[in-house]
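Here the structure is laid out as structure tokens; the discussion comes afterwards.
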Amino acid sequence: MIWIVLTIALILRLITINQSLWLDEADNVVAAKMLDFVSFITKYPIGDYHPPGFFILLWVWSHLFGFSEAVVRLPSILLGIGTVFLTYLLGKELFSKNVALLAAFFLASAPLHVYYSQEARMYSLSAFSVAVLSYFLLQLVNNKKWSTVGYTFSSLLVLSSDYVTYLIFPAHLIFLLWIRSKILKKWLLSLSLSFLIFSPWLTVFFQQFLEGKEAALNLPGWKRVAGGADLKNLALVFIKTVFGRISFDNKIVYGGISILMAFFYGVILWLSFRKTDKTIKFLTAWMIIPIVLAVLISPFIPMLSYFRMIFILPAFYLLIARGIFSLPLQFFRLALGVVVLSSLIFLSIYYTNPQFQREDWRGAANFLNQRLNERSVVLFEDNHVKFPYLYYQPNLANSYPGLKRVEAKTDDDVVDLEKILIDKEQVYVFEYLVEITDPQRLLEKKLANLGWKISDVYNFYGVGLIKLLER
1 MIWIVLTIAL ILRLITINQS LWLDEADNVV AAKMLDFVSF ITKYPIGDYH
51 PPGFFILLWV WSHLFGFSEA VVRLPSILLG IGTVFLTYLL GKELFSKNVA
101 LLAAFFLASA PLHVYYSQEA RMYSLSAFSV AVLSYFLLQL VNNKKWSTVG
151 YTFSSLLVLS SDYVTYLIFP AHLIFLLWIR SKILKKWLLS LSLSFLIFSP
201 WLTVFFQQFL EGKEAALNLP GWKRVAGGAD LKNLALVFIK TVFGRISFDN
251 KIVYGGISIL MAFFYGVILW LSFRKTDKTI KFLTAWMIIP IVLAVLISPF
301 IPMLSYFRMI FILPAFYLLI ARGIFSLPLQ FFRLALGVVV LSSLIFLSIY
351 YTNPQFQRED WRGAANFLNQ RLNERSVVLF EDNHVKFPYL YYQPNLANSY
401 PGLKRVEAKT DDDVVDLEKI LIDKEQVYVF EYLVEITDPQ RLLEKKLANL
451 GWKISDVYNF YGVGLIKLLE R
């Protein structure tokens, strides 16, 4: 049966796999293509603020198999399927084969997990690494052979995946203290060895910290993107777990469905929490502690983003599966139907509506490719040409950054437009992230002062507006 679940997981993750790369994906892929291995692993992450694990994987994989959208996303798909299988193994260890299969199926069809299993970023790796780590923690608690070695190497995998996943370590510590485990010294020894092996990365980490601190000062808008501590971001952790990346324009409908789903899942979780044995304590610590810590830390270091919390999904769905199996048969069928049907509905909306898919840089680049000539110029509201555009339009003869620095605060932060626009008749301006890079619209104002007027506006999902100016 588990092979059927894994096949379903694969199929659901292959649908729409050839979407356009969005900003962060394209940044990674273009850099992996342009840089040598050492530079990509040690220098590029300084501005990306993540550990090296995914970058190592992406560079090796893409140089072996290519740089197309589907190819660079395949590692995340495989890691996502691996997480589904680990959820099954954890369920068998904690409960029973039936609960394990149901939890694995829930994760296989979970809209949020499907979405990030299709992304050439580190979030699928982070969920996989935490699932591996948690599996070996159980082995460690049960004094299984090779469990210490397994926990050590899986800790190293977590350390290499995403900084937010480090919150799983205090969660494991709290669990061990909660059950008064006798393996605390062994756990500390294993974790210390992992940190020791990983310690050479600290030199890069401190550079990332300084770079991030400077970016936070120069681009205050990024704090909202990174995940500040507020009720909205906290609520989104649950809402997006259930809905995935979709939303509804009618906020009353969106809020009403969210409340109903919160009530439903709250009841199911309560059924699991009624019996607080060792297994429930294990899953509770895994699911709750990282969220609590993220809320406490985010006022200082923003990290409360739902997509960076997908590593708690295996614990969530194991608890849901356990709660559903405690219901009488007629309610069991009803609850099962609600979970499966809602997931499939939300997935269908995602698959069929480009609005909820990734930024359409491919469409924007192809659109401009058909219209650009020697009298045309493309400008970006940034201090560099965006990598997604570079991925789809490698010939950048008439493409320029519109700003010298970001956030643009004075006219001096805008490039020398007179020099760039000599003998030009058309200017296409990408407004992507303008609220962060140029909130005063200094580039657009300078163009207007030079006599350029907006003659048309084009809109591409996720990319936003591209304005055509002529004079």
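Counting along the sequence shown from 1, when you hit position 268 you're at 268 in UniProt numbering, and nothing is skipped either side.
Glycine included, every Cβ here is placed at the ideal spot set by N, Cα and C.
All values reported here derive from a predicted model rather than from experimental measurement.
Asked                                                                                                                                                                                       : Found
Is there a C-beta anywhere in chain D that falls below 8 Å from the one on R333?                                                                                                            : The chain inventory of the structure shown lacks chain D, comprising one protein chain alone.
Quick one, which of L313, R274 and M303 has its alpha-carbon nearest I288's?                                                                                                                : L313
In the structure shown, what three-state DSSP assignment does Q357 receive?                                                                                                                 : coil
Going by alpha carbons, who is nearest to F248 out of S190, Y350 and L421?                                                                                                                  : Y350
On the DSSP letters alone, give me the boundaries of the alpha helix (DSSP H) that Y461 sits inside.                                                                                        : Taken as a continuous stretch (DSSP letters only), Y461 belongs to no alpha helix (DSSP H), as it is neither H nor E.
Which same chain residues, not among the five before or five after L465, have their C-beta less than 6 Å away from its C-beta?                                                              : E431, V457 and N459
Counting beta carbon pairs with one atom in the segment 358-377 and one in the segment 421-440, are three or more of them shorter than 8 Å?                                                 : yes
For the beta strand (DSSP E) containing F380, list its first residue and its last residue.                                                                                                  : S376 to F380
Please identify the residue among T87, F346 and S39 whose C-alpha is closest to the C-alpha of W286.                                                                                        : T87
Any idea what DSSP makes of F430, helix, strand or coil?                                                                                                                                    : strand
So P401 is in the beta strand (DSSP E); what residue range does that whole segment cover?                                                                                                   : S399 to P401
Pair every Cβ in the segment 291-302 with every Cβ in the segment 337-347, then say whether three or more of these pairs are closer than 8 Å.                                               : no
Report yes if the CB atom of F198 is closer than 8 Å to the CB atom of L137, and no otherwise.                                                                                              : no
Measuring alpha carbon to alpha carbon, tell me which of M303, Q207, W270 and R371 ends up nearest V237.                                                                                    : M303
Taking the alpha helix (DSSP H) that D24 falls in, what are its first and last residues?                                                                                                    : L23 to M34
Within a Cβ cutoff of 8 Å, which residues of the same chain sit near R13, ignoring the five residues on either side of it in sequence?                                                      : I77, G80, I81, V114, S117 and Q118
When you compare only the Cα positions, how much space is there between V149 and V141?                                                                                                      : 13 Å
Unbroken alpha helix (DSSP H) runs of length 4 or more, entirely within the segment 271-330: which are they?                                                                                : 278-297 and 313-325
In terms of alpha-carbon separation, which member of S96, K453, A32 and A103 lies closest to T83?                                                                                           : A103
What's the gap between the Cα of S39 and the Cα of S62?                                                                                                                                     : 15 Å
May I ask which residues mark the beginning and end of the alpha helix (DSSP H) holding P45?                                                                                                : Element bounds for P45: n/a, residue is neither H nor E.
Taking just the CA atoms, how far does R358 sit from Q233?                                                                                                                                  : Going by the sequence as given, residue 233 is Asn instead of Gln. Taking the straight line joining both Cα atoms gives about 20 Å.
Does the distance from the CB of R121 to the CB of N28 come in under 8 Å?                                                                                                                   : yes
Can you look up L468 in the DSSP assignment and give me helix, strand or coil?                                                                                                              : strand
Got a sec? Which residues, its chain only, sit under 7 Å from I239 by beta carbon, not counting five neighbours each side?                                                                  : S258
Measuring only the C-alpha atoms, how far is F205 from Y49?                                                                                                                                 : 8 Å
Output the distance between the C-alpha atoms of E214 and N250, rounded to the nearest integer angstrom.                                                                                    : 38 Å
Suppose you measure from the CA of V295 to the CA of K281; what does that come to, to the nearest Å?                                                                                        : 21 Å
In angstroms, rounded to a whole number, what distance separates the CA positions of L410 and L447?                                                                                         : Sequence check: residue 410 is Thr here, not Leu. Cα-Cα distance, rounded: 14 Å.
Does DSSP put K446 in a helix, in a strand, or in coil?                                                                                                                                     : helix
I need the straight-line Cα distance from L90 to A131, nearest angstrom please.                                                                                                             : 8 Å
Please list the terminal residues of the continuous alpha helix (DSSP H) segment that includes Q139.                                                                                        : Y123 to V141
Just to confirm the assignment, what range does the alpha helix (DSSP H) spanning R73 have?                                                                                                 : E69 to L94
Determine whether the beta carbon atoms of Y428 and L403 lie at a separation below 8 Å.                                                                                                     : no
Starting from the C-beta of D24, find all residues in its chain whose C-beta is less than 7 Å away, skip the five residues before and the five after it, and write them out in chain order. : R121
Exposed or buried, what is D412 when buried is set at 16 or more other beta-carbons lying within 10 Å of its beta-carbon?                                                                   : exposed
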